[in-house]
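Heads up: the structure comes next, in structure tokens.
In structure tokens:
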């Protein structure tokens, strides 16, 4: 996608001071290339906030009061599937990030990240890449998390393209089919892999032997 216009970011976080800090620091740290367009400290209001302010990205704190960040991720994914979701947390436990990816987040970043360091991963997420710390990726790639899957040649080619971070239009051009066909094939592939989004498919692509020729 084009990044000429500012990246619109919605923040769902139980700490208003964190969101306020992002609102002030993110535009300055990114030379105006990213801006906060909406904020809520209520996880139950996350989906309605995102529908209202139409962001490109939603940053969701995983450790919020009930119904919690995981439910907020799931609600946003269900109601506004075009929005990219970045889960964030200041905890070291990896169970919540894994649950967030399963609920529909495309990425996970620790809240310790400085505002000026946020732009590259946010741009990568918008381009379809899965962004997460190495430790979390290693956990995702453990063979026990994924049952053996048999893929045909077309499915392997599609999975390679997804793992490479190519957009739907790029894959359609490469395969000489319509973008609608790519979306249909991708949805079928995700179901077969028993994952819910491209981030999980990209992680699964690194599982031993899955992409071997």
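In UniProt numbering, the protein residues as written are 1 to 213.
C-beta atoms are modelled at their ideal positions from N, C-alpha and C, and glycine is treated no differently.
What residues match up with residue 89 in a beta bridge as DSSP calls it?
-> DSSP lists 110 as partners of residue 89.
Run the CB neighbour count on residue 89, radius 10 Å, all protein chains shown included, and call it buried at 16 or more, exposed below.
-> Of the other Cβ atoms in all chains shown, 16 or more fall within 10 Å of the Cβ of residue 89; this residue is therefore buried.
Pick helix, strand or coil for residue 182, following the three-state DSSP scheme.
-> Helix, per DSSP.
If you measure from the CB of residue 94, is any heavy atom of the ligand ZN nearer than 7 Å?
-> Absent from the structure shown: the ligand ZN. Ligands present: none.
Segment contact, 8 Å Cβ cut-off, at least three pairs: the segment 66-75 with the segment 37-54 | Judged by Cβ distances under 8 Å, the segment 66-75 makes contact with the segment 37-54, as three or more pairs qualify.
Proximal residues to residue 111 (C-beta, below 8 Å), its chain only, five neighbours per side dropped | Take residue 111, set aside five residues on each side of it, and the residues of its chain with a beta-carbon closer than 8 Å to its own are 18, 61, 88, 89 and 90, in chain order.
Please look up how many angstroms separate the CB atoms of residue 202 and residue 154, rounded, as I've assumed it's under 8 Å.
-> The Cβ separation is near 18 Å, so there is no contact.
From 51, 204 and 81, residue whose alpha carbon lies closest to that of residue 137 = Per the Cα distances, 204.
Residue 35 and residue 8: beta carbons closer than 8 Å?
-> Their beta carbons are under 8 Å apart, which means residue 35 touches residue 8 by this criterion.
Work out the CA separation of residue 42 and residue 65 for me, nearest whole Å.
-> Residue 65 and residue 42: Cα-Cα distance of roughly 8 Å.
When the Cα atoms are used, what is the spatial distance from residue 58 to residue 156?
-> Counting only the Cα atoms, residue 156 lies some 30 Å from residue 58.
8 Å Cβ shell around residue 178 - same chain, five flanking residues per side excluded = Residues of the same chain with a CB within less than 8 Å of the CB of residue 178, apart from the 5 flanking positions on each side, are 172 in chain order.
Inter-residue Cα distance where the pair is residue 180 and residue 51 | Rounded to the nearest whole angstrom, the CA to CA distance from residue 180 to residue 51 is 24 Å.
Spell out the partners DSSP gives residue 38 in its beta bridges.
-> DSSP, once it has assigned bridges, lists 10 as partnering residue 38.
Just the Cα atoms here: how many angstroms apart are residue 54 and residue 106?
-> If I take the Cα positions, the gap works out to 17 Å.
Look at the Cβ atom of residue 191, then the Cβ atom of residue 125, and state whether they are nearer than 8 Å.
-> The answer is no: Cβ separation not under 8 Å.
For residue 177, which three-state DSSP category applies?
-> Of the three classes helix, strand and coil, the one that applies to residue 177 here is coil, per DSSP.
Return helix, strand or coil for residue 57, following the three-state DSSP convention.
-> Assignment of residue 57 by DSSP, reduced to helix, strand and coil, places it in the strand class.
Length of the line joining the Cα atoms of residue 183 and residue 168 | Roughly 7 Å separates the two Cα atoms.
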